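For the sequence shown, the numbering used here begins at 301 and goes up steadily by one. Notes follow the structure.
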Amino acid sequence: MYHTIIIAGNLGRDPEMRYTPSGQAVTSFSVAANRQYTASNGETVKETIWFRVSVWGKMAEVTNQYLKKGSKVLVEGRLTADPATGGPRLWTGNDGHARASFEVTAQTVRFLSSRGEVESFAPGGVVSAGSGDDSYGMPPEDDIPF
């Protein structure tokens, strides 16, 4: 069986990188995916779903270096279920309300923010796990399809 999830949104906080005891880099950040629609009564409804994303290896180092709070990203990966619930991680917020956190292990992270939107932009718009390619170079502007 196989599943994948694709999320486009903004980082809710700066990435945090650490290393496992074996020396493997892992970076964590949160992504807010927003949706806006008009309800049947004509009222505009805004909805935000938060995802906690983990990125491993070389991709962890690159995302930690170039992303910051507010950066636009597209994350492709797999949902990681909470062993206790088999679904999202459940917890109680400071306000006493029940909360759920969707955990994602990233396979690919695409940087969507333009150079003007972020102070330092990665010299490669796509970082993939296990790609074996350390070049991360942006394609010439003539090759960008938009």
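Ideal Cβ positions, reconstructed from N, Cα and C, are used throughout, including at glycine. Just so you know, these numbers come straight off a predicted model, no measurement behind them.
- An exposed status is given to Pro383, since fewer than 16 other beta-carbon atoms sit within 10 Å of its beta-carbon.
- As a beta-bridge residue in DSSP terms, Arg399 pairs with Trp391.
- By the CB criterion at 7 Å, Thr405 and Ala360 fall outside the cutoff.
- Membership of Tyr337 in the beta strand (DSSP E) is indicated by the continuous run Ala325 to Thr338.
- Around the C-beta of Pro321, fewer than 16 other C-beta atoms lie within 10 Å, and the residue is accordingly described as exposed.
- Around the beta carbon of Gly309, 16 or more other beta carbons sit within 10 angstroms, so the residue counts as buried.
- A direct Cα-to-Cα measurement between Tyr366 and Phe329 gives close to 12 Å.
- Going by C-alpha positions, Val373 is about 17 Å away from Phe402.
- Residue pairing by DSSP puts Tyr319 in a beta bridge opposite Ala325.
- Annotation for Thr344: the continuous beta strand (DSSP E) segment containing it runs Thr344 to Trp356.
- C-alpha of Pro315 to C-alpha of Asn341: approximately 39 Å in a straight line.
- If the five residues before and after Thr344 are omitted, its C-beta is found closer than 7 Å to the C-beta atoms of Gln336 and Thr338, all from its own chain and listed in chain order.
- Taking the C-beta atoms as reference points, Phe351 is found no nearer than 7 Å to Ile306.
- Close CB contacts of Gly387 within its chain, under the 7 Å cut and outside five residues either way in sequence, are with Ala381 (chain order).
- According to DSSP, Ala308 shares a beta bridge with Leu374.
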